[in-house]
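Numbering (this note's numbering), first residue to last: 6 to 412.
So this is what it looks like as structure tokens:
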């Protein structure tokens, strides 16, 4: 019999609010000691009751109590209203999680993917999946007609992002989910930028939600990890089989760190988003800045849709739109590079979503794996700068960018 995923959730979503579930679901008091923080289980193997008799855990690749706790927390946070998350899986990295999704496919299958996606996902689709005979078509996910037109008889997966990377496009994912269901196609999205604090795509009919747990879920730039949350139990079991067979599991220490990060996720994301809104507004009025892309700005091409999808159930005047900002700075490639290198508080680094603010030039860093013609076609220009806004004081961040622009 196929082994079931550890940390899956057969019960109804809990009534308490998001922050309460982030702290208490999966973080139950240790029954052996009364410790309010569950212990970290480093054991690689577990004593069984008898030969051929299996306990809940047998080998840590197949299941581990610390990983189960994290997966239980995330499954609860991904649930929304009556839409119940069947369960979650924790992987060694975000790319390992996406790779597991692509392993559901076979040679001859076709994938429709967004043009505004993480460079690592682009590389996986174009340099790994294509070697297995899986074809990929990139399409602007904000164009619903183009998405539907790209679907072929062999299409098995539509892959996008809740907020595009790096141009922060916001696709109409509820509509895309409906299109996919009409054609019998599975949908998966990367919700790293949105986080479950602001967006819960399973409630829109999306089948698989992925997070790079390295980013906002962990939140402190001190661990690697990836997660998948799934609406359907059969699909969860298929993904668990792939994970167990290939071994891309998250280690116990990293599971603990991500679980700890989830407890403050909502508070961090809301504060970071509030600062990002102020910073985006300031940048939009700056003489050195050509364009600013931020979903909370009226100037954003999908501003109205962003108000509908972000921060579900929150009045418009209290909504949060994430902590990522992209903008174009006047000047040459070298000028932009110098500005990125001259910041003092913003660290010049890839990654995002942590308490410290980061700055990067996508064309030469996070999206360098894009083919040059695809970068040009999809607006990843040399003048583009991507900010990940942390928890520093807003005036300090403004001053830091101001002096970097001047330098």
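All C-beta atoms, glycine included, are put in the ideal place defined by N, C-alpha and C.
With a cutoff of 7 Å on beta-carbon distance, residue 379 and residue 338 are scored as not near each other. Here residue 119 has 143, 144, 145, 146, 164, 165, 166, 169, 174 and 176 as same chain residues with Cβ atoms under 8 Å from its own Cβ, once five neighbours each way along the sequence are excluded. Runs of the alpha helix (DSSP H) spanning 4 or more residues and lying entirely within the segment 75–147 occur at 99–107 and 124–129, in chain order.
The alpha-carbon separation between residue 180 and residue 233 amounts to approximately 21 Å. When beta bridges are read from the DSSP output, residue 405 appears opposite no residue. Under the 10 Å beta carbon count, residue 92 is surrounded by 16 or more other beta carbons and is classified as buried.
Counting the other Cβ atoms within 10 Å of the Cβ of residue 158 gives fewer than 16, which makes it exposed. The beta-bridge partner set that DSSP reports for residue 352 consists of 363. By DSSP's assignment, residue 215 forms a beta bridge with 195 and 233. Between residue 24 and residue 316, the C-beta spacing is not below 7 Å.
DSSP places residue 308 within a helical segment (H, G or I) once states are collapsed to three. Between the alpha carbons of residue 205 and residue 215 lies a gap of roughly 11 Å. Two segments are said to touch when three or more pairs of C-beta atoms, one from each, lie closer than 8 Å; by this definition the segment 287–303 touches the segment 320–336. In the displayed model, residue 164 falls within a strand according to three-state DSSP. When the beta-carbon positions are compared, residue 190 and residue 155 stay at least 7 Å from each other. Distance from the CA of residue 259 to the CA of residue 230, rounded to the nearest whole angstrom, comes to 7 Å. A direct Cα-to-Cα measurement between residue 405 and residue 363 gives close to 12 Å. According to DSSP, residue 393 shares a beta bridge with 329 and 363.
Under the three-state reduction of DSSP output, residue 152 falls in the helix class. Checking the DSSP bridge columns, you'll see residue 58 partnered with 55.
For residue 340, the enclosing alpha helix (DSSP H) covers residues 338–346. In the DSSP annotation of this structure, the continuous segment of the alpha helix (DSSP H) that includes residue 274 starts and ends at 270–289. Spanning the alpha carbons of residue 398 and residue 240 requires a straight line of approximately 43 Å.
Bounds of any beta strand (DSSP E) do not take in residue 386, whose DSSP letter is neither H nor E. For residue 399, the three-state secondary structure derived from DSSP is helix. Take the alpha-carbon of residue 123 and the one of residue 56: they are about 47 Å apart.
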